[in-house]
Amino acid sequence: MQGNVMNGGLVLLTDYGLLLTDMRNYEGTSLLSMDASYSRIMRLDGQLWFMNADDQFVFYSDQKKQHSLCRLSIATMREQQILDKPCSYLQMHEDWIYYLDERSGRLCRCLKDGKREQIIVDEIVWSYLIHKEQLYFSTPNGLKRCDLSGAAKEHWLEKSGTFLQMVHDNLVFADASQNNILTFVDLANGNTTGLETIQVAGMVYDGQYLYCANGAHERSIYRVDPIQLRAIRILADRADYLHITHDHLVYFSSSHWHQMPLHGGESTKISV
1201 MQGNVMNGGL
1211 VLLTDYGLLL
1221 TDMRNYEGTS
1231 LLSMDASYSR
1241 IMRLDGQLWF
1251 MNADDQFVFY
1261 SDQKKQHSLC
1271 RLSIATMREQ
1281 QILDKPCSYL
1291 QMHEDWIYYL
1301 DERSGRLCRC
1311 LKDGKREQII
1321 VDEIVWSYLI
1331 HKEQLYFSTP
1341 NGLKRCDLSG
1351 AAKEHWLEKS
1361 GTFLQMVHDN
1371 LVFADASQNN
1381 ILTFVDLANG
1391 NTTGLETIQV
1401 AGMVYDGQYL
1411 YCANGAHERS
1421 IYRVDPIQLR
1431 AIRILADRAD
1441 YLHITHDHLV
1451 YFSSSHWHQM
1461 PLHGGESTKI
1471 SV
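Counting in the working numbering, the sequence shown runs from 1201 upward without gaps.
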């Protein structure tokens, strides 16, 4: 279920319920029950973006605190600021939180308590992912990779883009130089294949299919088979902020959150 953070990280399933950020009125974040009613258990003041979680905490960037890095105790629902700087695109790996510094555009990391800040990539980074103890990242000058400490850096491809995903040993992304078309790069040989019918405006991966908001067709949702490279439109709604939670695709459309079963069924509105 890759890609939630690259699409905003606004939806997160926890043991206590579903965290859902208010993108209509920007009035905080709701914790919802996981039964069919999705009733609100509580509302948090924070406007939570780029949510990640471990067994104890949810880590996020709070728009109401100048995008600073914060954490939320899952047991007590208490919020705490741990890094007083604007951060985005958080990704957790072992003891570290990787993030983009919004002031400099650099890729950085810190420990889960906000200590030991380090610059990992000292240049502007558009998008990145962690795969098999390596960082793959996109810059204005191309796709590059390095180890998790920033060492052994290599310039891999001239292409650049966003929404980086790893699918069947292919790096998948929206190619910024070609109208954000869906592009696959074979890790073994560097060969690239583009699916020109899909202009990526949002993308998530459930382990079998890619789900894309297609900018070529008013951001309607397409399901892409990454093996056959075939795409079909599954939803005509204009969609933003695509997320996957367990067996549902969650997206924002017409000022409301909606969900749709991944294995068939109608889309329904989540009333918050």
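Heads up, the beta-carbon is just placed ideally off N, CA and C, and yes, glycines get one too.
- Nearest to ASP1347 by alpha-carbon distance, out of HIS1331, ASP1425 and ILE1324, is HIS1331.
- Sequence-distant Cβ neighbours of GLY1217 in its own chain, meaning closer than 7 Å and more than five residues away, are LEU1231, LEU1232, SER1233, MET1234 and ILE1241.
- Taking 7 Å as the cut-off, the beta carbon of LEU1219 is found no closer than this to the beta carbon of TYR1441.
- Exclusion of the five residues before and after GLN1365 leaves GLN1202, GLY1203, VAL1372 and TYR1405 as the residues of its chain whose Cβ lies within less than 6 Å of its Cβ.
- Put simply, the backbone Cα of ARG1345 is about 17 Å away from that of ALA1374.
- Note on the segment 1334-1391: there is no whole alpha helix (DSSP H) run with a minimum of 4 residues.
- Linking ASP1369 to TYR1411 through their CA atoms gives a straight-line distance of about 18 Å.
- Taking C-beta atoms under 8 Å as the contact rule, ASN1414 and ILE1398 qualify, at a distance of about 5 Å.
- Taking 3 residues as the shortest admissible run, the segment 1263-1347 contains the following complete beta strand (DSSP E) segments, listed from N- to C-terminal end: 1268-1273, 1279-1293, 1296-1301, 1307-1311, 1318-1321, 1327-1331, 1334-1339 and 1342-1347.
- Annotated three-state conformation of ASN1252 is strand, per DSSP.
- Look at HIS1446 here: in three-state DSSP terms it is coil, with no helix or strand label.
- ASP1425: member of the beta strand (DSSP E) spanning 1420-1425, first to last residue.
- DSSP places GLN1459 in the uninterrupted beta strand (DSSP E) bounded by 1456-1461.
- Here GLN1280 is exposed, its C-beta having fewer than 16 other C-beta atoms within 10 Å.
- For the pair ILE1421 and ALA1439, the CB atoms are nearer than the 7 Å cut-off.
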